[in-house]
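Residue numbers for the sequence shown, in full-length UniProt numbering: 1 to 137.
Every residue, glycine too, gets a C-beta built ideally from N, C-alpha and C.
Reading through the structure tokens given below for one structure.
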Amino acid sequence: MWAPTRNSSQPSNKKLQKQGSALLGVLVVRQDLKMKAGKIASQCAHAATGIYAELMHSDRSLLREWEDCGQPKIVVTCRNQQEMNKLRDAAEGIGLPTFVVADAGRTQVSAGSKTVLAIGPGPNVVVDSVTGKLNLL
Numbered sequence: 001m002w003a004p005t006r007n008s009s010q011p012s013n014k015k016l017q018k019q020g021s022a023l024l025g026v027l028v029v030r031q032d033l034k035m036k037a038g039k040i041a042s043q044c045a046h047a048a049t050g051i052y053a054e055l056m057h058s059d060r061s062l063l064r065e066w067e068d069c070g071q072p073k074i075v076v077t078c079r080n081q082q083e084m085n086k087l088r089d090a091a092e093g094i095g096l097p098t099f100v101v102a103d104a105g106r107t108q109v110s111a112g113s114k115t116v117l118a119i120g121p122g123p124n125v126v127v128d129s130v131t132g133k134l135n136l137l
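Set out below in structure tokens:
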């Protein structure tokens, strides 16, 4: 598959990297937690830095390529934990890197709540195959 992180056991497939697509990262925010804007911003920052740290260890060439194109990312929403799990499984199933933020529980949500899922970076057409039907935040 594409360029997996430690979260995916699929081997890399460089064919997808050659598709000529721009790289894209997507941050998926759970709607059911009803987080306020500041909390969402903080959790998205955790997700972005989390996937970055994962790539520092697992795929520096992908990280450099993403940096070279400006680290594009968008923020979308999902309904609940069940939908987030399905999205994560679908992304990992095609070899996209993922990172899930588990909240510390100090403010608005319970400890351990999964708040944001980072998917990618990956070719935008590949990422879109998982997240393309989700609504922008």
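Quick check on the DSSP output: the beta strand (DSSP E) that includes residue i runs from which residue to which?
{"i": "T107", "result": "Counting along the chain, T107 falls outside any beta strand (DSSP E), and DSSP gives it neither H nor E."}
{"i": "A102", "result": "T98 to A102"}
{"i": "R30", "result": "L23 to R30"}
{"i": "K73", "result": "K73 to C78"}
Measure the CB-CB distance between residue i and residue j and report whether it falls below 8 angstroms.
{"i": "V28", "j": "I119", "result": "yes"}
{"i": "K86", "j": "V100", "result": "no"}
{"i": "N124", "j": "S42", "result": "no"}
{"i": "K73", "j": "G25", "result": "yes"}
{"i": "R79", "j": "D32", "result": "yes"}
{"i": "V126", "j": "L96", "result": "yes"}
Starting from residue i, trace the alpha helix (DSSP H) in both directions and tell me its first and last residue.
{"i": "L62", "result": "R60 to D68"}
{"i": "G93", "result": "Q81 to G93"}
Quick one: grab the DSSP three-state call for residue i.
{"i": "A118", "result": "strand"}
{"i": "K39", "result": "helix"}
{"i": "D128", "result": "helix"}
{"i": "K133", "result": "coil"}
Pop quiz: residue i and residue j are said to be a contact at Cβ under 8 angstroms. What is the actual Cβ separation, rounded to whole angstroms?
{"i": "V130", "j": "A47", "result": "With 8 angstroms as the limit, V130 and A47 do not qualify as a contact, their Cβ atoms being about 15 angstroms apart."}
For residue i, is the classification buried or exposed, using 16 other Cβ atoms within 10 angstroms of its Cβ as the cut-off for buried?
{"i": "M56", "result": "exposed"}
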